[in-house]
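A.B. asks: Residue numbers (the numbering used here), protein chains in the order written: chain D, 80 to 463; chain R, 262 to 553; chain Z, 275 to 592.
#1: Please name the residue in R:478, R:498, R:502 and R:382 whose C-alpha comes closest to that of residue 487 (chain R).
#2: Which residues does DSSP pair with residue 149 (chain D) in a beta bridge?
#3: Could you tell me which uninterrupted alpha helix (DSSP H) segments, each at least 4 residues in length, are contained entirely in the stretch 412–441 of chain R, listed from first to last along the chain?
#4: Below 7 Å between beta carbons is the criterion; list the residues of the stretch 368–380 of chain Z that meet it against any residue of chain D, in chain order.
#5: Can you pull out the residues from the stretch 176–193 of chain D whose beta carbon lies closer than 7 Å to at least one beta carbon of chain A?
#6: Mind pulling the alpha helix (DSSP H) runs of 4 or more residues that sit fully within the stretch 162–218 of chain D?
#7: Considering Cα atoms alone, identify which of Z:424, Z:414 and Z:429 is closest to residue 162 (chain D).
#8: Taking just the CA atoms, how far does residue 193 (chain D) sit from residue 176 (chain D)?
#9: With a threshold of 8 Å between beta-carbons, can residue 135 (chain D) be considered close to chain Z, or not?
#10: Per DSSP, residue 332 (chain D) is paired with what?
#11: Determine the direct distance from the alpha carbon of residue 464 (chain R) to that of residue 472 (chain Z), and round the result to whole angstroms.
#12: Would you kindly check if the distance between the Cβ of residue 260 (chain D) and the Cβ of residue 449 (chain D) is under 8 Å?
#13: Could you tell me which uninterrupted beta strand (DSSP E) segments, each at least 3 residues in length, are contained entirely in the stretch 459–518 of chain Z, listed from first to last along the chain?
#14: Which residues in the same chain as residue 459 (chain D) place their Cβ atom closer than 8 Å to its Cβ, once the five residues preceding and following it in sequence are excluded?
#15: Within 10 angstroms of the Cβ of residue 502 (chain Z), are there 16 or more other Cβ atoms? Answer buried if so, exposed if not.
#16: So which of Z:431, Z:424 and Z:279 has the shortest CA-CA distance to residue 296 (chain Z)?
#17: Which bits of chain R does residue 289 (chain D) rub up against, with CB to CB less than 7 Å?
#18: Can the beta-carbon of residue 208 (chain D) be found less than 8 Å from the beta-carbon of residue 190 (chain D)?
#19: Report yes or no: do the stretch 197–214 of chain D and the stretch 180–187 of chain D share at least 3 C-beta pairs separated by less than 8 Å?
#20: Going by C-alpha distance, which of D:133, D:258, D:86 and D:296 is nearest residue 400 (chain D)?
#21: On the DSSP bridge assignment, give the partners of residue 440 (chain D) in chain order.
#22: Taking any Cβ of chain R, which residues in the stretch 294–307 of chain D have a Cβ under 7 Å from it, in chain order?
#23: Using three-state DSSP, classify residue 312 (chain D) as helix, strand or coil.
#24: Check whether the Cβ atoms of residue 288 (chain R) and residue 467 (chain R) lie closer than 8 Å to each other.
#25: Measuring only the C-alpha atoms, how far is residue 423 (chain D) from residue 393 (chain D)?
#26: Counting pairs of Cβ atoms below 8 Å between the stretch 313–327 of chain D and the stretch 295–303 of chain R, do you hit three or more?
#27: Taking DSSP as the reference, what is the three-state secondary structure of residue 511 (chain R)?
#28: Within its chain, find whatever has a CB closer than 7 Å to the CB of residue 395 (chain R); leave out the 5 residues flanking it on each side and keep chain order.
#29: Would you check if the distance between the CB atom of residue 87 (chain D) and the CB atom of residue 305 (chain Z) is smaller than 8 Å?
#30: Closer than 9 Å between beta carbons: that is the criterion. Which residues of the stretch 108–119 of chain D meet it against chain R?
#31: Please report the straight-line C-alpha distance between residue 363 (chain D) and residue 379 (chain R), rounded to a whole angstrom.
#32: With a threshold of 8 Å, are at least 3 pairs of Cβ atoms found where one atom belongs to the stretch 498–512 of chain R and the other to the stretch 269–285 of chain R?
#33: Alpha carbons only, please: which of Z:470, Z:506 and Z:574 is nearest the one belonging to residue 521 (chain Z)?
#34: By the 10 Å Cβ neighbour count, where 16 or more other Cβ atoms means buried, how is residue 334 (chain D) classified, buried or exposed?
#35: Nearest to residue 237 (chain D) by alpha carbon, out of D:173, D:286 and D:357?
#36: Go through the stretch 268–353 of chain R residue by residue and report every complete run of the beta strand (DSSP E) that reaches 3 residues or more, in order.
Below, the structure is given as structure tokens:
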């Protein structure tokens with residue numbers, strides 16, 4: 080059995096050094112959660128990245144600063160939603176695959192886990208995860224950028240809407256993952272600042288099969304509206320429980336339910352639910368002079384022909400990969416140059432919003448990046 | 262705190278408890294007869310749910326889909342035992358445990374490949390709005406859950422106490438050597454035990470899938486909690502396992518409702534710790550887990 | 275292996291460890307080796323509990339987490355000295371092991387295993403919910419690396435030395451323990467508890483002692499992990515990790531300390547080897563979904579053909 084261990088070591092070492100480092104292609108690394116709890120986000124991200132790679136190479140590649148076309152080589156690893164695997168994947172991409180930049184990860188925990196690695200190795204990272212901590216404090220995140228809208232931005236849009244509709248007594252439930260917890264932290268702050276009161280605050284697990292106990296407690300506090308912050312399937316179960324219990328007050332969800340699956344699974348109970356999200360889901364209903372509209376429509380069409388229903392998480396990957404591609408075009412395979420190019424990106428019309436990066440802002444989005452959406456007849460509509 | 266709220270917690274808890282009871286029973290049957298703690302029991306639940314989802318999506322009617330799911334997963338469980346576990350009767354118990362862990366990982370991995378990561382919806386067995394019971398809301402599928410659970414318990418009781426095969430199975434559980442001397446095919450009985458255990462798991466998964474959806478990784482938590490319920494009942498006593506399952510479901514729901522929802526998932530394990538402590542202090546009227 | 279052979283092996287490995295970062299440039303390979311050591315430590319701890327005290331613990335992840343969080347929180351949030359914090363993490367885990375072990379070691383067999391399982395999961399939920407201290411599910415960033423004067427343990431090579439140094443130190447210590455009077459007593463307990471008690475060995479105290487030692491070793495690894503990654507969150511410390519440790523120990527052979535390290539290495543290498551090999555075989559980007567199934571199949575195959583693990587399951591004769 081010692082032989083087997085030795086063989087395994089040999090396999091890994093050999094496999095690591097096997098591909099000759101070719102100077103021609105521009106190498107972009109990607110780490111997504113293709114398996115594990117983050118997979119429903121990671122798979123559309125991976126698919127989007129592959130889509131862009133195929134499109135770019137179909138056009139001959141990226142035109143570098145040397146004026147020549149370089150094919151784009153994407154190296155994708157699965158971190159299985161696990162921090163250790165993410166760190167190993169990042170180091171492998173940097174040392175073995177010699178990528179110029181890395182796109183990903185899908186989840187906040189794994190992104191935070193690889194920060195040290197990418198900063199030390201001075202490799203630009205464009206994260207597809209939501210936690211603000213990933214790019215703040217800006218002074219300590221020179222090499223790290225992110226594309227999803229931050230929680231305080233999304234929550235801000237929601238709270239503004241609640242206030243405008245006069246819904247001042249609110250009940251809240253969140254999933255006990257980072258996503259849910261971060262949502263709560265922002266919601267608590269935003270409601271306090273806006274003068275809304277949170278009359279109930281409950282939690283549930285991502286793998287829970289029944290939330291009626293929590294919802295019963297919330298119901299007892301008589302809120303005017305209830306906010307649920309999680310992703311499917313628990314978000315869908317909570318939605319069904321809500322309808323079954325006969326709760327009449329309006330329900331709001333998070334941007335985690337921005338995919339068709341949520342509506343399907345809730346089978347009718349999702350009718351009337353409102354949630355803040357990027358504009359991708361309602362691209363067709365935007366005003367024609369909205370700068371994002373043509374970009375959104377093009378991506379939605381491409382993704383839907385090749386893979387399936389659109390979702391906002393794929394959009395985050397679209398933004399990240401496109402930013403990387405543009406930066407590679409400006410700076411070639413120079414990691415420092417690519418970093419500077421990303422940081423210098425202004426007015427980039429993406430899926431998650433219009434990006435304006437700067438040395439003090441590595442997320443580059445503002446409130447216009449999200450809007451309130453309502454589910455009507457099983458379709459997404461701009462909420463009034 | 263109103264009576265209606267308490268009723269709600271009890272009702273929801275009882276439905277989930279029915280699921281735990283079914284899973285716990287599967288553990289007890291497998292362990293009681295083959296002395297194997299089956300780490301993959303939760304995956305039988307998952308397979309039952311996914312099979313149900315796939316068949317329903319093809320238009321197969323609920324009763325037929327249910328029966329097919331249960332039978333096919335039961336057969337798979339029997340095959341798993343026959344093929345991978347029975348040959349290892351001489352191996353150390355730990356190796357067998359790791360083998361079942363490997364089996365559970367493999368089954369989960371294959372389910373991921375076949376069905377993907379998205380949860381699958383399953384139509385309820387009978388359409389219709391939820392029903393009010395003592396002021397609490399119960400979805401119709403909840404009746405099916407309790408019904409399937411009850412029917413399974415009755416069927417098993419009848420099998421064990423009223424049929425020759427059932428008596429043979431019990432004999433093997435009590436004393437395999439004596440059973441063999443009596444002419445009972447002990448190795449066949451092991452396969453039967455796993456057939457039943459897998460079937461029970463699949464039934465649990467199939468009947469709960471309209472409420473919880475079918476996902477490739479739903480087996481982990483459910484299996485773990487079902488295992489806790491089985492241990493509460495001593496791991497060798499079917500009625501205790503059933504009682505343990507219902508108790509666990511109700512306590513979980515009450516704790517989430519009356520105390521705090523944050524620690525809901527920890528409740529099962531706190532209960533387990535309390536039971537262990539009670540055993541240490543000699544405060545339990547019965548002995549949990551016969552040493553095997 | 276006997277004491278003199280053990281010294282030879284330890285010295286040989288020590289030389290390898292000292293020289294490796296000079297020969298290996300890849301941070302990826304070094305990182306893998308660091309994780310092997312950081313998993314090897316808790317595996318050795320569990321191996322002690324299982325092989326010599328004959329008990330299964332399904333809650334070791336909790337001690338790993340305690341080591342990581344105590345050290346992480348004290349340094350990141352309160353600015354403590356890294357080594358002091360690490361030490362306190364180890365002490366905290368040992369104390370916790372005493373508190374938990376005293377009652378549960380009166381149980382035995384399956385119920386003991388279940389109690390450790392429940393303990394591990396409860397600790398996990400405390401980490402998730404006690405956000406004020408632990409940072410909750412989104413974790414704690416900014417854990418500083420360990421420093422010795424101006425020398426910072428902030429590269430893969432330096433952590434490699436620290437992690438493997440600790441592992442070798444622990445192996446030397448526990449190896450001596452195994453050969454000592456206490457070790458023989460432990461093996462007596464494992465072999466036949468009633469007989470051991472009859473000869474006057476305080477079995478309960480021995481088992482508790484091993485459990486506490488294992489907890490301390492595991493917490494040391496946890497602390498090093500926190501200072502290596504500079505970020506900790508609860509998700510690596512759940513029940514799944516306790517199961518992974520069990521797999522490592524059984525793969526390596528439950529009664530052998532070096533076997534535990536081999537088991538840890540096998541698991542880490544297997545995952546990475548699958549990652550390296552699969553894309554070549556399937557030539558498709560859908561490879562990741564196959565990793566889980568393949569890992570499970572390999573594990574099953576291993577147990578079917580070599581159930582006694584890499585180093586044999588019989589208690590070691592000295």
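Positions of the beta carbon are idealized from the N, C-alpha and C atoms, including for glycine.
C.D. replies: Straight from the coordinates:
#1: R:502
#2: D:141
#3: 425–435
#4: none
#5: The question asks about chain A, but that chain is absent: this structure's protein chains are D, R and Z.
#6: 162–170 and 187–200
#7: Z:414
#8: 16 Å
#9: no
#10: D:307
#11: 50 Å
#12: no
#13: none
#14: 360, 361, 452 and 453
#15: buried
#16: Z:431
#17: 273 and 277
#18: yes
#19: yes
#20: D:133
#21: D:437
#22: 295, 296 and 299
#23: coil
#24: no
#25: 24 Å
#26: no
#27: helix
#28: 268
#29: no
#30: 113, 114, 115, 116, 118 and 119
#31: 26 Å
#32: yes
#33: Z:574
#34: buried
#35: D:357
#36: none
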